[in-house]
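> Mind the numbering: the sequence shown is residues 1 to 352 in UniProt numbering, read in order.
In this text, a Cβ means the ideal position worked out from N, Cα and C, and glycines have one as well.
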Amino acid sequence: MGWQAEGPAGAAGAAVLRRAPLKRRDLRPDDLAVRVDYCGVCHTDLHAVRAREAGGAGGDPLPLVPGHEFTGVVTETGPEVAGFRVGDPVAVGNIVDSCGECAMCRAGQENFCHAFPTLTYGGTDRLDGTATLGAYSREYVVRERFAYVLPAGLDPAAAAPLLCAGITVWEPLHALGAGPGTRVAVAGLGGLGHLAVKLSVALGADTTVITRSRKKADDARRLGAQGVVVSTDPEQTAAARDRFDIVVDTISAPHDLGPYLRLVAMDGTLSHVGHLGPVTVETLDLLVGRKKLSSAGSGGSRATAAMLAFCAEHDVAADIELLPSARVNEALDRLARNDVRYRFVLDMSDLG
Ligand SMILES: NC(=O)c1ccc[n+]([C@@H]2O[C@H](COP(=O)([O-])OP(=O)(O)OC[C@H]3O[C@@H](n4cnc5c(N)ncnc54)[C@H](OP(=O)(O)O)[C@@H]3O)[C@@H](O)[C@H]2O)c1
Ligand SMILES: [Zn+2]
Ligand SMILES: [Zn+2]
């Protein structure tokens, strides 16, 4: 049972998912069956539902069941599964398979698989060619290789968003060397952004939030940020010019990168992980200060396991608003209005 976008229907602008029975594949030898307990609501889910609604009435769109950051309990294991037993707590993110052979996969960066990783929803199963259906659902079947042991001590509801939002900001922070002595800024204080702040603070970096929302300033400090720059205040942005070694841009809407590049220090990097799509860059914004523009997405299996261990050790998890899954459409609509502090998580127990 799960929450499915039935077609390009619905009142204008409102997300509409309906309760529907879902079929999961029979277990393969290296598969786990998972009872999904908690699934985070990522802005990518909203983009996916909206894109489908905008697709018009024509054609025969594939079924869409969003949800790609979840925790639950193993309910069944295939005969080759070695790392999990029935009853174990488990976590899954937004990649459920990859080619396993290319240089990226061999390096544990399955998120960059040359044959493209299989996404948790909206992907195509590599063996049977069916569309993958996400975890706004009570059950999921996943290869053991893409399932993670949920460390003891992490609350399963608050940990669910680590599997997409968390790992998406962890990889660039880690790769760019965030830590003591580095100055990190996080643009956009939402699901990704608030976890970027917590992770950056836990890594020991001097951390600043760049937000449009003046009223989030107190939250930013409570999350551990030392500084706040209100992006709509020209005096504050001018004062922050060339200040940060790393700017992690998690903004969910298309936007001009110029104002954010100007906040990057000489030889520093803007990592653009939020809204994906074409961007226009004024070369001079890179030239002046020899700045770098980068991106990242999701995470490889090694980084994901390392991030979960780090979060358990440093007590990092999402600030969540937990809702019964039946309120999924309300969660999506409020997310669209930037009305969330800071991640909705759906409790799937109302699905049976
Ligand atoms: N690279 C990846 O693999 C990956 C993975 C997950 C998500 N994403 C993408 O990352 C983005 C963020 O996801 P999320 O779940 O964190 O979303 P979210 O919770 O809605 O947070 C986005 C934040 O962006 C800021 N923002 C929104 N509209 C803006 C605008 N027009 N101008 C400036 N700032 C704006 C807001 O922060 P303030 O109120 O502080 O200004 C908002 O809280 C989405 O586009 C999502 O699809 C990418
Ligand atoms: Zn996501
Ligand atoms: Zn590969």
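Using the beta-carbon count (16 or more within 10 Å), is G268 buried or exposed?
By the 10 Å Cβ count, G268 comes out buried.
> Would you kindly work out how many angstroms separate the C-alpha atoms of G224 and P151, rounded to a whole number?
Going from the Cα of G224 to the Cα of P151 covers about 23 angstroms.
> Compute every distance between the C-beta of C164 and the non-hydrogen atoms of ligand 2, then say whether any falls below 7 angstroms.
Yes; taking the cut-off as 7 angstroms, the Cβ of C164 has a heavy atom of ligand 2 nearer than that.
> Considering only C-alpha positions, which residue in the set E330, V184 and N111 is nearest to I95?
Residue N111 is the option with its Cα nearest to I95.
> Compute every distance between the C-beta of S98 and the non-hydrogen atoms of ligand 3, then say whether any falls below 7 angstroms.
At least one heavy atom of ligand 3 is nearer than 7 angstroms to the Cβ of S98, so yes.
> Check whether the Cβ of H68 lies closer than 7 angstroms to any heavy atom of ligand 2, and answer yes or no.
Flag set: Cβ of H68 near ligand 2.
> DSSP on S252, reduced to helix/strand/coil?
Coil at S252, not helix or strand.
> Relative to the C-alpha of S271, which residue among K198, D37, V141 and A187 is closest?
The shortest C-alpha separation from S271 is found at A187.
> Say the cut is 7 angstroms; is the CB of M104 nearer than that to a heavy atom of ligand 3?
True, at least one ligand heavy atom lies under 7 angstroms from that Cβ.
> Is V65 closer than 8 angstroms to T75 when the C-beta atoms are compared?
It is not a contact, given that the beta carbons lie outside the stated cut-off.
> Would you call the segment 331-344 and the segment 30-41 in contact, with 3 or more CB pairs under 8 angstroms?
Taking 8 angstroms as the limit for Cβ pairs, the verdict is that the segment 30-41 does touch the segment 331-344.
> In three-state terms, what does DSSP make of S200?
Helix, per DSSP.
> Closer than 7 angstroms: is that where the CB of A115 sits relative to any heavy atom of ligand 3?
Yes - ligand 3 has a heavy atom lying nearer than 7 angstroms to the Cβ of A115.
> Helix or strand or just coil, what does DSSP make of S325?
Looking at S325 - three-state DSSP - the assignment turns out to be helix.
> Who does R18 pair with in a DSSP beta bridge?
Q4.
> Going by the C-beta, is E101 closer than 7 angstroms to any heavy atom of ligand 3?
E101: yes, Cβ under 7 angstroms from ligand 3.
> Any idea which residues DSSP pairs A187 with across the strands?
DSSP lists I210 and D249 as partners of A187.
> Ligand 1 and S349: does any heavy atom of the ligand fall closer than 7 angstroms to the residue's C-beta?
No, Cβ of S349 sits at least 7 angstroms from all heavy atoms of ligand 1.
> Given 7 angstroms as the limit, tell me if N329 has its C-beta closer than that to any heavy atom belonging to ligand 2.
Result no, Cβ not under 7 angstroms from ligand 2.
> What do you reckon, is the C-beta of C42 under 7 angstroms from a heavy atom of ligand 2?
Yes - ligand 2 has a heavy atom lying nearer than 7 angstroms to the Cβ of C42.
> In chain order, what residues of the same chain have a beta carbon less than 6 angstroms from the beta carbon of R212, not counting five sequence neighbours either side?
Within the same chain, R212 has close Cβ partners S231 and T232.
> Roughly how many angstroms separate the alpha carbons of V169 and R126, rounded to a whole number?
When rounded, the distance between both Cα atoms is 27 angstroms.
> Among all the DSSP beta bridges, which residues are the ones paired with V344?
A quick correction: the sequence has Phe, not Val, at residue 344. Bridge partners of F344: E321.
> On the criterion of 16 or more Cβ atoms from any shown chain inside 10 Å, does R106 qualify as buried, or is it exposed?
R106 is exposed by the Cβ-count criterion.
> Can you list, in chain order, the residues of its chain whose CB lies under 7 angstroms from that of P21, leaving out five sequence neighbours each side?
Cβ within range, chain order: M1.
> Between which residues of its own chain and G93 is the CB-CB distance below 8 angstroms, once the five residues before and five after are set aside?
Around G93: H68, E69, T120, F146, Y148, L163, C164, I167, S298, G299 and T304.
> Can we count S213 as close to ligand 1, meaning its CB is less than 7 angstroms from some heavy atom?
S213: yes, Cβ under 7 angstroms from ligand 1.
> Using only CA atoms, which one of R290, E313 and D249 lies nearest to residue 358?
The structure shown has nothing for residue 358, since the chain only spans 1 to 352.
> So is L332 buried or exposed if we call it buried at 16+ other beta carbons inside 10 Å?
L332 comes out buried.
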